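Take a look at the structure below.
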Amino acid sequence: MNSVIDLPNEILLAIFGLLTPVDQFNCQLVCQAWLMSSRQIYYEKVKTNNTNTLALLRCLDSQRFHSSAYIKTLSIHFYPYFNCQRLLNKEEFTRLIQHCTNLERLLISPNSVYWDYLHPGLNLSRLTRLAYPELPSRTPSKTTSYYRSLHDFKTHLTSLDIHSACDHWIRNTFGHLLNYLAEFNHLKELTISGGSQISIIHLNDVLKVCKQLTSLQFGLSHSFWAPDSKPTMTRYTALRYLDIYLPEFCIPSLEYIKTRFSELRHLKLLVFHGQTHPWTEEKTRYLQREFIPYLQNLSSYSIKFDMEAGCEVMESTLLKHWPEGELVAFVDVSESTYERTQMTLIKDQEHKEIQYMTTWNPAYHLHPYLRYLYAFGPLLSKLTIKNYTQTTSTPHLDTLLALCPSLHTFTLEAPAKDTCAIIPSTYQHRHLTILELKRVHLENAFRSWTRMTANLF
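Residue 146 in full-length UniProt numbering sits at position 146 of the sequence shown, and the numbers go up by one each step.
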């Protein structure tokens, strides 16, 4: 190896991260190889806003700055409450973009005038993604220039974000979103995050138009296929990542996912199940025999069940048949006359995790997380309980620890208005090494610690 420039960027970045700013400057000052490598790393992603975009342009215009060729991602934000320089005019914006000869990703804030400045004449042959920097919290008021700009660069883009499937400009120009999507021949990643009943979008039809997707986020509550048609069940082997929403637990829809996407590796699924949705023995068997075993073939998943009161059978089936192993659990409890539970099952390369957010009516039920701990407590290695209830006290610490014999980290947070006192008995927990209490104190603290465990440190 003749030069540090031969090192991978990841190694160089790690080395620079260990140095002080002065040492970083000195390295770049005396060693051209370090200078060129650091430029390639540090200028690959550039983020600007209305306080410094003009300064960036002036820097790129100067002959002393030669790093614009390294910029692959340019993210232009807008912060309305900041003291800002003036915005770029169209000629200046064009010059800024033309400086970035290797630009692959251009991100511009919603409603920005810069969307109006984009045009097909710009030299953006390497561009693969044109989008907002962040998912907008509400639909932007000016979307015509956004969707028109995406269409102008359709021959280059491989990634597409649709924030409104029923956008007025798309419907007026193309008649339907599917006709718009058909214009993008190289699409690999697609996100459809919003829509309405004005324009129904069926997943089955989207897959007919976009035939080579590797990543799909489909957040619409529309049915997967039209009521008067049969779904296509041939395998869609290109897809690796799927993020999708189901308005109810529906076996045909789950079977569609399971059958069509045979090469899927990562699944993010949100399922709503209300009191008006009947739960049957057939659904219990499907969860147990088909869906849960299917999950085990995935590299990672996040399955969130949003359940109204009365769905205890669904909960117990999931907990009973979810594979054993070391688990991490987060339980968030608050009071309400409207009972609702959000349970998320998560698996990634590092661990398996259960997350609960529960609202419950204390007039009718005991602490809801006790029934969860009876189900999976023996598998827990880490447990966090945030108890925001106001009318009830925290359950006895011994009860919680006894249900989790393998626990080594336990965090318990009491209601915000009260400080609860708990007195452990002679029960000793053999594995607990970390105990964190928030707005909770141990009465007779010294004796309580020694009674509970000798492992805490």
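Every residue, glycine too, gets a C-beta built ideally from N, C-alpha and C.
Every value quoted in this text rests on a predicted model; they were computed, and no experiment measured them.
| query | Does the segment 256–273 come close enough to the segment 284–301 that 3 or more CB-CB pairs lie under 8 Å? | reply | The segment 284–301, when compared against the segment 256–273, does touch it at the 8 Å Cβ threshold.
| Runs of alpha helix (DSSP H) lying entirely within the segment 83–132, each at least 4 residues, in chain order | You should have 90–99 and 114–117.
| field | Tyr286 - containing beta strand (DSSP E), residue span | value | Within the sequence shown, numbered from 1, the residue matching residue 286 stands at position 286. For Tyr286, there is no enclosing beta strand (DSSP E); the residue is found in the alpha helix (DSSP H) stretching over Glu281 to Tyr286.
| field | Residues of its chain near Lys304, where Cβ-Cβ distance is below 6 Å and the 5 sequence neighbours each way are ignored | value | The count along the sequence shown starts at 1 and reaches residue 304 at position 304. For Lys304, where only same-chain residues beyond five positions count, the Cβ hits under 6 Å are Leu270 and Thr344.
| query | Comparing the C-beta of Gln212 with each C-beta of chain D, is any distance below 7 Å? | reply | Protein chain content of the structure displayed is limited to a single chain, and chain D is not contained in it.
| Any contact of the segment 375–388 with the segment 398–412, i.e. 3+ C-beta pairs under 8 Å? | Yes, they touch.
| For Lys47, the three-state DSSP class (helix, strand or coil) | If you number the sequence shown from 1, residue 47 lands on position 47. Under the three-state reduction of DSSP output, Lys47 falls in the strand class.
| Given a threshold of 16 other Cβ atoms within 10 Å of its Cβ, counted over all protein chains shown, does Ile11 qualify as buried or as exposed? | The residue you call residue 11 lines up with position 11 of the sequence shown. With fewer than 16 Cβ atoms within 10 Å of its Cβ, Ile11 is classed as exposed.
| 6 Å CB neighbourhood of Ala131 in its chain, flanking five on each side removed | Here residue 131 refers to the residue found at position 131 when the sequence shown is read from its first residue. Around Ala131, the same chain offers Leu107 and Asp161 as residues with beta carbons nearer than 6 Å, after the five sequence neighbours per side are excluded.
| query | Exposed or buried, what is Met314 when buried is set at 16 or more other beta-carbons lying within 10 Å of its beta-carbon? | reply | On the sequence shown, residue 314 is found 314 positions in, with the first residue counted as 1. Counting Cβ neighbours within 10 Å, Met314 comes out buried, since at least 16 surround it.
| said: Out of Tyr236, Leu401 and Ala375, which one is the CA nearest neighbour of residue 477? | reply: Any answer about residue 477 is impossible in this case: the structure gives the chain only from 1 up to 457.
| Apart from the five residues just before and just after Leu18, which ones in its own chain have a Cβ nearer than 7 Å to its Cβ? | By 1-based counting over the sequence shown, the position of residue 18 is 18. Nothing meets the Cβ criterion.
| request: Classify Thr259 as helix, strand or coil using the three-state DSSP reduction. | output: Taking the first residue of the sequence shown as 1, we reach residue 259 at position 259. In the three-state reduction of the DSSP assignment, Thr259 falls in the helix class, which pools H, G and I.
| task | Work out the CA separation of Pro80 and Tyr369 for me, nearest whole Å. | result | Counted from its first residue, the sequence shown places residue 369 at position 369. Counted from its first residue, the sequence shown places residue 80 at position 80. Roughly 44 Å separates the two Cα atoms.
| Nearest candidate by alpha-carbon position, reference Pro378, set Ile200, His429, Trp279 and Gln349 | Stepping through the sequence shown from its first residue, residue 378 is reached at position 378. Of the candidates Ile200, His429, Trp279 and Gln349, His429 places its Cα closest to the Cα of Pro378.
| field | Candidates Glu91, Leu122, Asp152 and Asn49, of which the one nearest Ser112 by Cα | value | The residue you call residue 112 lines up with position 112 of the sequence shown. With distances taken between CA atoms, Ser112 lies nearest to Asn49 out of Glu91, Leu122, Asp152 and Asn49.
| task | Locate the alpha helix (DSSP H) running through Trp169, then write down its first and last residues. | result | As a working note, residue 169 is residue 169 in the sequence shown. Residues His168 to Phe174.
| said: Among the candidates Ala69, Glu290, Cys311 and His351, whose CA atom is the shortest distance from the CA of Gly274? | reply: Here residue 274 refers to the residue found at position 274 when the sequence shown is read from its first residue. Gly274 has its Cα closest to that of Cys311, out of Ala69, Glu290, Cys311 and His351.
| request: Output the residue ranges of the beta strand (DSSP E) runs that lie fully inside the segment 314–371 and measure 3 residues or longer, sorted by chain position. | output: DSSP runs (the beta strand (DSSP E)) wholly in the segment 314–371: 327–335, 340–347 and 352–360.
| Given a threshold of 16 other Cβ atoms within 10 Å of its Cβ, counted over all protein chains shown, does Pro110 qualify as buried or as exposed? | In the sequence shown, counting from the first residue as 1, residue 110 sits at position 110. Classification for Pro110: buried.
| field | Simplified DSSP state of Thr276, which is helix, strand or coil | value | In the sequence shown, counting from the first residue as 1, residue 276 sits at position 276. Three-state result, Thr276: coil.
| Using DSSP with H/G/I as helix, E/B as strand and the rest coil, what is Gln217? | Locating residue 217 in the sequence shown gives position 217, counting from the first residue. Assignment of Gln217 by DSSP, reduced to helix, strand and coil, places it in the strand class.
| field | Residue environment, Asp205, which counts as buried when at least 16 other CB atoms sit within 10 Å | value | Residue mapping note: residue 205 aligns to position 205 of the sequence shown, counting from 1. With 16 or more other CB atoms across the displayed protein chains lying within 10 angstroms of its CB, Asp205 is buried.
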